[in-house]
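Protein chains in written order, with our numbering: chain G, 620 to 812; chain D, 620 to 812.
Number of protein chains: 2
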Amino acid sequence: MERYKLIESLSTQSNIPAREIQKYLDMAEFRKVKKNEHIVQIGDPRVTLVLIQSGCMMTYFEDKRKGMHVFQFGMEMWWSGDLEAITNGSPSFYGIKAILPSEVYLIDIHLYNTMLTEQPLFQRYFRIIFQNALISHQKRIVRNISYSAEEKYLEFIELYPKVQLIIPQKYIASYLGITPEFLSKIRRKLAGK
Amino acid sequence: MERYKLIESLSTQSNIPAREIQKYLDMAEFRKVKKNEHIVQIGDPRVTLVLIQSGCMMTYFEDKRKGMHVFQFGMEMWWSGDLEAITNGSPSFYGIKAILPSEVYLIDIHLYNTMLTEQPLFQRYFRIIFQNALISHQKRIVRNISYSAEEKYLEFIELYPKVQLIIPQKYIASYLGITPEFLSKIRRKLAGK
DNA sequence: CGTCTATTTGAATGTACTCAAAAGCGGTGG
DNA sequence: CCACCGCTTTTGAGTACATTCAAATAGACG
């Protein structure tokens, strides 16, 4: 996606004039990142929201026992970032890295607050963004507590047919909370039908 | 919690004058519900957000194979309801019932939209509510994909020490996505330490 | 006190994980 | 353009975690 299209979309969604969206985007840090490059490391004190203009990003975290887990994938026009860290100023619990060459805008805490206070329509914009994100998080929890691994995988490829083609299978397994070996076995079983 | 305290809290959180909060609360349907009484049934076409003044509610859903699952618990001052149904007008995927005698306000789609359009500060209020809800949903997903059943349980009683005392254990098991029998075994194991 | 539901227990089963090794695949340099 | 290297995926055997089913026990409430 190109910059002007991103601005158009944001303008339409938010009812904020394109020229004003542009003003705030200019205040954000724009970055082109290569495949596998990190834009946020776990523990970074400087926390930002990330708006993806093009490419594909992934958010991950770690636990001591089992290492890295994929928290979510982000595509064009999606937001990522550690909302909790943004909210209370703690260091980032998540890391964010590019799965494909990508272009992103980094909105730090200060800019986020500026946008919300200077332009009240951003309150509405983020209310809608968060409301929709909440819905999809709720659905994911529903699947987490009621689906088998196989069902989770089938639902995933149905929900994100594009993502599924791009990213390594082991990341899908991690996102679903299963091991890559077991996902491989699920796929073998499904293929034999 | 009493009505005037609820109004005070909402007013403080939202920066909206108490008298105006009161006006919208008066437009909502107020209901006292008995223990185990339902305020929303799965599939209900009339969908509402629920603001809990007192007591304890639980949101649940069903799948054909394993029956009912607890989606979440709601305490005083919390919101519940099917956001997706509110957003797109579909029938409710979730049911809501009282675990304790409770008092709730029901905000239907129409009133929700009225509040958002008439009083822009509600955009900010719900932006904050959703932002915080999103954070706790994200954390729950993190636990879902990276914790064992035992760890999930320990985290639960730490996060919700009050809820844990009130509600039947089988509902906690369901919330965590495990069977009541297995939770019982986890507790036995933990007790023997 | 009796009934109904929740919890506990145990045995058998199934689902998913670990570990180790082999096969596949993509990018890089010669 | 091919060969090699590193990483991902597959495979299989053994194990651990969690479920199912059935029955016994405990608790709550009228």
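Just so you know, even glycine gets a beta-carbon here, dropped at the ideal spot from N, CA and C.
Model, not experiment: these values are computed from the prediction.
| Item | Value |
| --- | --- |
| Express the C-alpha separation of D/S755 and D/I748 in angstroms, rounding to a whole number. | 11 Å |
| Hey, is the stretch 716 to 732 of chain G in contact with the stretch 765 to 774 of chain D, meaning 3+ C-beta pairs nearer than 8 Å? | no |
| On a Cα-Cα basis, can you pick out the residue from G/F745, G/I760 and G/D682 that is closest to G/G662? | G/D682 |
| Tell me, please, which residues DSSP counts as bridged to D/T816. | Any question about residue 816 of chain D goes unanswered here, given that chain D covers just 620 to 812. |
| Is the beta carbon of D/E627 closer than 8 Å to that of D/A637? | yes |
| Interface residues of chain G around D/D682 at Cβ under 9 Å? | V761, S765 and Y766 |
| Using DSSP with H/G/I as helix, E/B as strand and the rest coil, what is D/R638? | helix |
| If you draw a straight line from the alpha carbon of G/P739 to that of D/G700, how long is it in whole angstroms? | 26 Å |
| According to the Cβ coordinates, are G/Q788 and G/P780 closer than 8 Å? | no |
| So with CB distances below 9 Å, who are the chain G contacts of D/K685? | S765 |
| In chain G, which residues lie with their C-beta within 7 Å of the C-beta of D/E703? | I754 |
| Of all the residues that make up the stretch 726 to 756 of chain G, which are near chain D by a beta-carbon distance shorter than 8 Å? | L735, P739, Q742, R743, F745, R746, F749, Q750, N751, A752, L753, I754 and H756 |
| Under the three-state reduction of DSSP, which class applies to D/E722: helix, strand or coil? | strand |
| Please list the residues of the stretch 767 to 798 of chain G that have a C-beta atom closer than 8 Å to any C-beta atom in chain D, keeping them in chain order. | S793, Y794, L795 and G796 |
| Identify the residues that DSSP records as bridge partners of D/E648: which are they? | D/L725 |
| Which residues in chain G have a C-beta closer than 7 Å to the C-beta of D/H688? List them in chain order. | I764 and S765 |
| Can you give me, in chain order, the residues of the stretch 629 to 652 of chain D that have a beta carbon less than 8 Å from any beta carbon in chain G? | none |
| So, is the C-beta of D/T706 closer than 8 Å to a C-beta in chain G? | yes |
| Would you mind sorting G/E737 into buried or exposed? The rule is 16 or more other CB atoms within 10 Å of its CB. | exposed |
| Using 10 angstroms around the beta-carbon of G/R759, count the other beta-carbons present and answer buried if the total reaches 16, otherwise exposed. | buried |
| Determine the closest residue to G/L725 out of G/T667, G/Q742, G/L735 and G/E774, with distance taken between C-alpha atoms. | G/T667 |
| Taking DSSP as the reference, what is the three-state secondary structure of G/V782? | helix |
| Return the chain-ordered list of same chain residues with a C-beta closer than 7 Å to the C-beta of D/Q660, the five sequence neighbours on each side being excluded. | G714 |
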